[in-house]
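For what it's worth, numbering that gives the first Met the number 0 labels the leading residue of the sequence shown as 0, then goes sequentially.
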Amino acid sequence: MNELLRVAIQKSGRLQEGSLQLLKDCGLNISNGSEQLKTQAQNFPVEILFLRDDDIPQYIEDGVADAGIIGENIFTEKQKQGEVIKHLDFARCRLALAVPRTTEYTGINWFDGKNIATSYPNIVNAYLKRNNIRAGIHEISGSVEIAPSIGLADAICDIVSTGSTLLSNGLKEVELVMKSEAVLVSGKLDPSKKQILSKLVFRIEAVQQARNNKYILLNCPNKSIEPITRVIPGMKSPTILPLGKPGWSSLHSVVDENDFWEKIDQLKNLGAEGILVVPIEKMIK
Ligand code: ATP
Ligand code: MG
């Protein structure tokens with residue numbers, strides 16, 4: 000039997016959709032029946048395990064799963080063996096320290112001698128140590144935000160994305176402890192599984208590059224070709240095709256999503272017209 004790479008992803012929660020979407024965009028044909036815990040891609044040697052995110056690092060260390068998609072926060076906290084292979088650009092959030100809103104916060108030394116409730120004792124301990132702070136840690140597995148209001152702790156350390164949960168619990172964010180996003184983690188693999196993983200990583204990179212870039216088509220007077228090429232050089236150079244109208248060309252290139260609006264303004268100023276911008280499905284440099 001040919002070998003399969005076992006990839007663990009979150010069964011349900013904030014990582015699940017992004018993980019499945021990424022694997023599907025990589026061309027893996029995955030059917031995720033609602034209560035299925037294991038499924039095999041029909042067209043790629045990968046088996047998907049659906050697990051709780053907290054359990055994935057242990058499974059990778061034990062070799063039950065070969066790789067997994069989890070938040071960096073969980074991977075760092077669990078301190079299990081495994082290697083971050085790729086940052087995946089989704090499930091971005093941060094771990095932050097928060098104190099009651101009415102607190103007169105004077106800086107990190109405020110935490111000296113205080114009690115902090117968190118689900119991330121290892122990360123918080125390491126952070127406090129780096130900052131020479133001695134504080135107590137009260138580990139709880141959920142509903143961390145209510146800890147100060149019920150007298151369980153003076154402060155908390157938890158995941159924040161918009162801050163609205165903190166606000167509604169009368170807390171304010173005071174220190175950034177760690178930034179996190181979804182990552183692909185791998186355990187120790189034999190050569191044949193390593194080969195499957197590198198094929199998968201190659202596809203992930205093609206998907207990520209495509210997501211970060213747009214294909215751009217525009218018309219311009221021939222005299223603008225050179226300055227426009229400097230603005231959107233593309234992967235090697237733009238494609239230039241003559242238009243039916245004499246003295247004009249159609250120019251095709253690739254533009255980084257992040258510089259997009261700024262570049263459009265520059266292109267218009269250089270005489271570009273009829274600008275079309277279309278998504279790219281896969282991109283291999
Ligand atoms: P499980 O049942 O699998 O244990 P969970 O309840 O522990 O799930 P989720 O709330 O689904 O976990 O969050 C999973 C991961 O998603 C977190 O560890 C973090 O990396 C990321 N995450 C959490 N909250 C947010 C957010 N608001 N925005 C973006 N990413 C987030
Ligand atoms: Mg969890």
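Don't be surprised by glycine CBs; every beta carbon is placed ideally from N, CA and C.
Residue i to residue j span [Cα, whole Å]
i, j, result
"Ile8", "Phe74", "13 Å"
"Gln41", "Ala271", "46 Å"
"Val83", "Ser185", "7 Å"
"Ser160", "Gly112", "27 Å"
"Leu44", "Glu71", "The displayed chain sequence assigns Pro, not Leu, to residue 44. Spanning the two alpha carbons is a distance of roughly 26 Å."
"Pro120", "Gln39", "36 Å"
"Ile195", "Leu4", "7 Å"
"Lys187", "Leu19", "23 Å"
"Glu204", "Thr101", "46 Å"
"Glu280", "Gln208", "9 Å"
"Glu76", "Leu165", "22 Å"
"Leu36", "Phe49", "5 Å"
Beta carbon of residue i nearer than 8 Å to that of residue j
i, j, result
"Ala64", "Leu183", "no"
"Lys193", "Glu2", "no"
"Val143", "Asp157", "yes"
"Ser236", "Leu269", "no"
"Val6", "Ile47", "yes"
"Lys262", "Val254", "yes"
"Met107", "Ile132", "The question names Met, but residue 107 in the sequence shown is Ile. Yes, these two residues count as a Cβ contact at 8 Å."
"Leu199", "Cys25", "yes"
"Ile145", "Asn114", "no"
"Leu21", "Leu87", "yes"
"Glu180", "Ala90", "yes"
"Asn124", "Ile139", "no"
"Val173", "Tyr126", "no"
Proximity test, residue i beta-carbon vs the ligand SAH heavy atom, cut-off 7 Å
i, result
"Arg51", "This structure lacks the ligand SAH; its bound ligands are the ligand ATP and the ligand MG."
Status (buried if at least 16 other CB within 10 Å, exposed otherwise) for residue i
i, result
"Met234", "exposed"
"Arg202", "buried"
"Pro56", "buried"
Pick from the options that is closest to residue i, judged by C-alpha positions
i, options, result
"Pro278", "Asp264, Leu19, Phe259, Ser148", "Phe259"
"Met282", "Leu165, Lys267, Val206, Arg51", "Val206"
"Lys213", "Asn257, Glu174, Leu188", "Asn257"
"Gly273", "Asp61, Pro226, Leu151, Pro220", "Pro220"
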